[in-house]
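Worksheet for the structure shown next.
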Amino acid sequence: MRAFFVHPNHARQGLGKMLLEYCEQQALFQGFTKATLPGVKLYQVCGYQIIGPEYFTLPDGEQFKMLKVIKHF
1 MRAFFVHPNH
11 ARQGLGKMLL
21 EYCEQQALFQ
31 GFTKATLPGV
41 KLYQVCGYQI
51 IGPEYFTLPD
61 GEQFKMLKVI
71 KHF
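So for the sequence shown, the working numbering puts the first residue at 1; every next one is plus one.
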């Protein structure tokens, strides 16, 4: 998975969460055992700011660390 987006008109309706959960389920089904954040430096170079970590817990209890980023246009 590289990225996904939810149109602002449909934000805060749970669609992003559903997309992410589907992608994670597919990754697990395909045999992936971890998620990484290789694009962080690129986002920073392009003007995004890391505003904090977030954690996602899988149904089996395993947690993934994600970084919440923001960019003002």
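Positions of the beta carbon are idealized from the N, C-alpha and C atoms, including for glycine. These figures come from a predicted structure and were not determined experimentally.
Strand pairing of residue i, partner residues [DSSP]
i, result
"Tyr55", "Lys65"
"Gln49", "Ile70"
Cβ-Cβ distance between residue i and residue j below 7 Å
i, j, result
"Lys71", "Tyr48", "yes"
"Leu19", "Phe4", "yes"
"Gly14", "Val6", "no"
Contact set for residue i: own chain, Cβ-Cβ below 8 Å, skip 5 residues either direction
i, result
"Leu67", "Leu37, Val40, Ile50, Gly52, Pro53, Glu54"
Cutoff 7 Å; reference residue i; Cβ partners in own chain excluding five residues on either side
i, result
"Thr57", "Gln63"
"Lys65", "Pro53, Tyr55"
Contacting residues, own chain, Cβ-Cβ under 6 Å from residue i (five flanking each side not counted)
i, result
"Pro8", "none"
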